[in-house]
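Asks: Take this structure, written in structure tokens, and hold onto it; I'll ask about it next.
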Amino acid sequence: AIGKRLDFLMQELNREANTLASKSVSSEITAIAVDMKLLIEQMREQVQNIE
847 AIGKRLDFLM
857 QELNREANTL
867 ASKSVSSEIT
877 AIAVDMKLLI
887 EQMREQVQNI
897 E
């Protein structure tokens, strides 16, 4: 239950990071968004261990 909810939140965070990267005109912001996506994916892997 909680794991599925957290996984959903990680998906939403990933979508937001994608939006940030695609709408950014700054290469620095785009790089930060890519870093965010990597961290979100790492969090998502951890969340999948929660039941």
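Residue numbers (my numbering): 847 to 897. Glycine included, C-beta positions come from ideal geometry on N, C-alpha and C.
For methionine 882, which residues of its own chain have a beta-carbon under 7 Å away from its beta-carbon, when the five flanking residues on both sides are left out?
Replies: Same-chain partners within the cutoff: Ala863.
Asks: Count Cβ pairs between the segment 850–861 and the segment 877–895 that sit closer than 8 Å; are there 3 or more?
Replies: Yes, since at least three Cβ pairs between the segment 850–861 and the segment 877–895 fall closer than 8 Å, the two stretches touch.
Asks: Taking the alpha helix (DSSP H) that glutamine 857 falls in, what are its first and last residues?
Replies: Counting along the chain, the alpha helix (DSSP H) containing glutamine 857 begins and ends at 848–869.
Asks: Find the nearest neighbour of threonine 865 within the set Gln894, Asn895, Leu885 and Ala879, judged by alpha-carbon distance.
Replies: Selected option, being the one with the closest Cα: Ala879.
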